[in-house]
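Below is one structure, written out as structure tokens; comments come after it.
Numbering (the working numbering), first residue to last: 1 to 147.
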């Protein structure tokens, strides 16, 4: 787990860049899963533990440039596409990062269609949950141990 943590926080170090080049990036935090038989087994063994580490960590959003709005665990309620699957299916831009979804005026969530009457309360709950976010800062996003 130590090496996963170091990789997710030190990707720009020489060893992190070598691993990123060799195994390709899955998202802003980890490489793709190792499937080849002809690779060093050490990283393959380390990489297998990523899902377990993810369960016990969260992302502290600062500038929002590394954090997926829908797919990363950055909000205290959990991964937004898991907590709000109905809203996720109604929206465009499933791959945007937090920095692209947030502005000084608020959240830039675009919907594929007009809401039905029975969906309005759920959308309101979604935006009330998002409004707990205090805004972007200048530092880089960081991975943290979840409490």
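For every residue, glycine included, the Cβ atom is placed at its ideal position computed from N, Cα and C.
Given this structure, state the Cα-to-Cα distance separating residue i from residue j, to the nearest angstrom.
i, j, result
"residue 90", "residue 77", "19 angstroms"
"residue 99", "residue 138", "11 angstroms"
"residue 133", "residue 13", "31 angstroms"
"residue 129", "residue 52", "26 angstroms"
"residue 131", "residue 124", "10 angstroms"
Could you pull out every residue in the same chain whose Cβ sits closer than 7 angstroms to the Cβ of residue i, ignoring the five residues on either side in sequence?
i, result
"residue 145", "56, 57"
"residue 126", "84, 87"
"residue 96", "69"
Less than 8 angstroms between the beta carbons of residue i and residue j, yes or no?
i, j, result
"residue 86", "residue 122", "yes"
"residue 64", "residue 117", "no"
Need the endpoints of the beta strand (DSSP E) that residue i sits in, please.
i, result
"residue 148", "Missing from the structure shown is residue 148; the chain here goes from 1 to 147 and no further."
"residue 142", "142 to 145"
Whose C-beta lies closer than 6 angstroms to the C-beta of residue i among residues of the same chain, with five residues either side of it excluded?
i, result
"residue 106", "none"
"residue 73", "58, 79"
"residue 60", "142, 144"
"residue 110", "92"
"residue 108", "101"
Between which two residues does the alpha helix (DSSP H) carrying residue i extend?
i, result
"residue 101", "98 to 101"
Determine which residues share a DSSP beta bridge with residue i and list them.
i, result
"residue 91", "111"
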